[in-house]
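S.K.:
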Amino acid sequence: MANVVVVGAQWGDEGKGKIVDWLSERADVIARFQGGHNAGHTLVIGNTVFKLSLLPSGIVRKDKLAVIGNGVVLDPWALFSEIDKLSAQGVEIGTANLMIAENTPLILPLHQDLDRLREDAAGTAKIGTTGRGIGPAYEDKVGRRTIRVADLADPETLSARIDRLLAHHDALRVGLGAAPIDRADLEARLAEIAPKLLPFAAPVWKIMGEMRRAGKRILFEGAQGSLLDIDFGTYPYVTSSTTMSGMAATGTGMGPSSIDFVLGIVKAYTTRVGEGPFPTELDDDDGQRLGERGHEFGTVTGRKRRCGWFDAVLVRQTCQISGVNGIALTKLDVLDGFETLKICVGYEIDGVRYDYLPTAAALQARVTPIYEEMAGWNESTEGARSWADLPAAAIKYVRRIEELIGCPVAMLSTSPERDDTILVTDPFAD
Ligand code: IMP
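For the sequence shown, numbering that gives the first Met the number 0 assigns the number 0 to the initial residue and increments by one for each residue that follows.
(1) Cβ-heavy atom distance between Val272 and ligand 1 below 7 angstroms?
(2) Measure the C-alpha to C-alpha separation of Asp184 and Arg212 and round it to an integer number of angstroms.
(3) Quick one: Cα of Ile82 to Cα of Thr270, how far?
(4) If we require 3 or more residues per run, which beta strand (DSSP E) segments fall completely within the region 197-239?
(5) Between the region 23-34 and the region 48-63, do three or more beta carbon pairs fall short of 8 angstroms?
(6) Is the beta carbon of Pro179 sitting closer than 8 angstroms to the one on Thr94?
(7) For Ile126, which of Gly275, Ile320, Leu334 and Ile421 has the nearest alpha-carbon?
(8) Grouping DSSP H, G and I as helix and E and B as strand, with all else coil, what is Cys318?
(9) So, helix, strand or coil for Arg182, using DSSP?
(10) Can you say whether Val5 is buried or exposed, counting buried as having 16 or more other CB atoms within 10 angstroms of its CB?
(11) Is Asn37 a contact residue of ligand 1, with contact defined as CB to any heavy atom under 7 angstroms?
(12) Taking buried to mean at least 16 other C-beta atoms within 10 Å of its own C-beta, is Ala247 buried or exposed?
(13) Once DSSP output is grouped into helix, strand and coil, what is the label at Thr367?
(14) Measuring only the C-alpha atoms, how far is Ser412 from Arg160?
(15) Tell me, please, whether the region 222-237 touches the region 298-309 by the rule of three or more beta-carbon pairs shorter than 8 angstroms.
(16) When DSSP builds the beta bridges, which residues end up paired with Ser412?
(17) The beta strand (DSSP E) with Leu260 in it runs from where to where?
(18) If you scan the region 127-157 from start to end, which runs of the beta strand (DSSP E) of 3 or more residues do you find wholly inside it?
(19) Going by CA-CA distance only, name the one from Gly250, Leu313, Lys215 and Cys318 that's closest to Val261.
(20) How long is the line joining the alpha carbons of Asn203 and Gln223, rounded to whole angstroms?
(21) Return the bridge partner residues of Asp310 from the DSSP annotation.
(22) Taking the beta strand (DSSP E) that Thr41 falls in, what are its first and last residues?
(23) What does DSSP give as the partner residue(s) for Lys303 in the beta ladder?
(24) Per DSSP, what kind of secondary structure is Lys61 in: helix, strand or coil?
(25) Could you pull the DSSP bridge partners for Ile348 from this structure?
(26) Any heavy atom of ligand 1 closer than 7 angstroms to the Cβ of Gly127?
(27) Give the single residue among Leu157, Ala149 and Gln287 whose Cα lies nearest to the Cα of Asn102.
Here it is in structure tokens:
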């Protein structure tokens, strides 16, 4: 049986929600493996719109197992608030359809405090985070002082973990001019949430391994995007997790050999939220138009997304690093009606041509994109379900993208509706 990893191949917001939902109907297990409730996935099923941040998208479907893997950072209060919202929409969530890795690190209110304190203190050097405490929570994980789900079951271990955590955070808070942590309050909050959270805790690596051996289909659902990757993204303007496909293995406890197909989600143009380099960004009417037609506002923070032309250099780079087998190209219809389209095919920095984005921040800041121009199309591509429904110029644009990024289109999405999709290769096919 094929197991599929889905990752965003740009800066996030590539339209993963719809594709993941389409795939999750065919999967038995849907697992998140990195990030936290900084993600925003919108699913449109029939007339209902579901907005998910932390839960795997498969949770809205019956008879699927949703998994939160150890690579995620979990805010338990955000989790239960999301569960409550979905329950109000008629989605049943219990231990039969949700499993959380017992070695998952927690996001605590002190992580959110630190995220905001740092951003406020950074002035023009701020990252533009979602303020959800993601970075500080990952820091505590690798700093070996985090509280993990399993720790909540044992008061002695928990108390020792809190000692270690507060020794670090209180010192930091003093430096940032904030009050020390109210330990009694933190303990009371954890004591209240523990009995709700612990029933979902499980050795995910073991159960998923058993399910895999039993021939179940697993969908690994990536969040954010490859250019926000902590190693390969536009550092430091990145998120604090590994957003590349390799994380699906370590973020759940499955071996790399359990991954059969990597699907990269790619938007037909480029967007990013927050600060940081963006070579093809448009500050003109075209950028405005992309934002309006594409409804480019953040699901989590409501922030306006920055918009620009398709950057084939960056997508080629991320597809290689994530070992993408095929892409799902989304939001092609947003380009309908543009007279001319531009695709970035290389960069020039101080007179030197580059076919990749160099790592050095000083070079990234001086990048000038080299564009190739293509004719646009006037016809509507919205809702197209076969190649025959697409104007010739749109097909040409898609084919050129495939050529430039060195990766075939497996799926083409032409509206938020799940059936408005052209399927070329089924990632789950054996
Ligand atoms: P953090 O993940 O909250 O630390 O934010 C770090 C950077 O990642 C900021 O630029 C955010 O805007 C960006 N980011 C985080 N999550 C998402 C997402 O789901 N989509 C797009 N950008 C995101």
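By construction, the Cβ of each residue, glycine as well, lies at the ideal position given by its N, Cα and C atoms.
M.R.: Inspection of the coordinates gives the following:
(1) Numbered from its first residue, the sequence shown carries residue 272 at position 273. For ligand 1, at least one heavy atom lies less than 7 angstroms from the Cβ of Val272.
(2) Translated into positions along the sequence shown, residue 184 becomes position 185. Translated into positions along the sequence shown, residue 212 becomes position 213. Looking at the two C-alpha atoms, the distance is approximately 44 angstroms.
(3) Along the sequence shown, one-based indexing puts residue 82 at 83. Along the sequence shown, one-based indexing puts residue 270 at 271. Distance between the alpha carbons of Ile82 and Thr270: 29 angstroms.
(4) 217-220
(5) With a cut-off of 8 angstroms, the region 48-63 and the region 23-34 count as touching, because enough Cβ pairs lie within range.
(6) Position 180 of the sequence shown, counted from the first residue, corresponds to residue 179. Position 95 of the sequence shown, counted from the first residue, corresponds to residue 94. The answer is no: Cβ separation not under 8 angstroms.
(7) Reading the sequence shown from its first residue, position 127 is the one you call residue 126. Of the listed residues, the one whose Cα sits closest to Ile126 is Gly275.
(8) Sequence index remark: in the sequence shown, residue 318 carries index 319 (1-based). DSSP places Cys318 in helix when its eight states are reduced to three.
(9) Position 183 of the sequence shown, counted from the first residue, corresponds to residue 182. Note: Arg182 maps to helix in three-state DSSP.
(10) As a working mapping, residue 5 is identified with position 6 in the sequence shown. Within a 10 Å sphere around the beta-carbon of Val5 sit 16 or more other beta-carbons, which makes this residue buried.
(11) Position 38 of the sequence shown, counting from 1, holds the residue named residue 37. True, at least one ligand heavy atom lies under 7 angstroms from that Cβ.
(12) On the sequence shown, residue 247 is found 248 positions in, with the first residue counted as 1. It counts as buried.
(13) By one-based count along the sequence shown, residue 367 stands at place 368. Note: Thr367 maps to strand in three-state DSSP.
(14) For the purposes of this step, residue 412 is taken as the residue at position 413 of the sequence shown. For the purposes of this step, residue 160 is taken as the residue at position 161 of the sequence shown. Here the C-alpha atom of Ser412 lies approximately 47 angstroms from the C-alpha atom of Arg160.
(15) Cβ pair count under 8 angstroms is below three, so no.
(16) The count along the sequence shown starts at 1 and reaches residue 412 at position 413. Answer is Thr420.
(17) Here residue 260 is taken as the residue at index 261 of the sequence shown, counted from 1. For clarity, residue 260 is Phe in the given sequence; the question names Leu instead. That run of the beta strand (DSSP E) goes Phe260 to Lys266.
(18) Scanning the region 127-157 from its first residue to its last, no whole beta strand (DSSP E) run of 3-plus residues comes out.
(19) Here residue 261 corresponds to residue number 262 of the sequence shown, with the count starting at 1. Val261 has its Cα closest to that of Cys318, out of Gly250, Leu313, Lys215 and Cys318.
(20) Mapped onto the sequence shown, residue 203 falls at position 204. Mapped onto the sequence shown, residue 223 falls at position 224. The question names Asn, yet the displayed sequence has Val at residue 203. About 22 angstroms.
(21) Stepping through the sequence shown from its first residue, residue 310 is reached at position 311. Paired residues: Cys343.
(22) Position 42 of the sequence shown holds residue 41. First-last of the beta strand (DSSP E) with Thr41: His40 to Ile44.
(23) Position 304 of the sequence shown, counted from the first residue, corresponds to residue 303. Answer is Phe296.
(24) Start at 1 with the first residue of the sequence shown, and residue 61 comes out as number 62. Note: Lys61 maps to coil in three-state DSSP.
(25) Reading the sequence shown from its first residue, position 349 is the one you call residue 348. Beta-bridge pairing links Ile348 to Val351.
(26) As a position in the sequence shown, residue 127 is number 128, starting the count at 1. Yes, the beta carbon of Gly127 sits closer than 7 angstroms to at least one heavy atom of ligand 1.
(27) Position 103 of the sequence shown, counted from the first residue, corresponds to residue 102. With distances taken between Cα atoms, Asn102 lies closest to Ala149.
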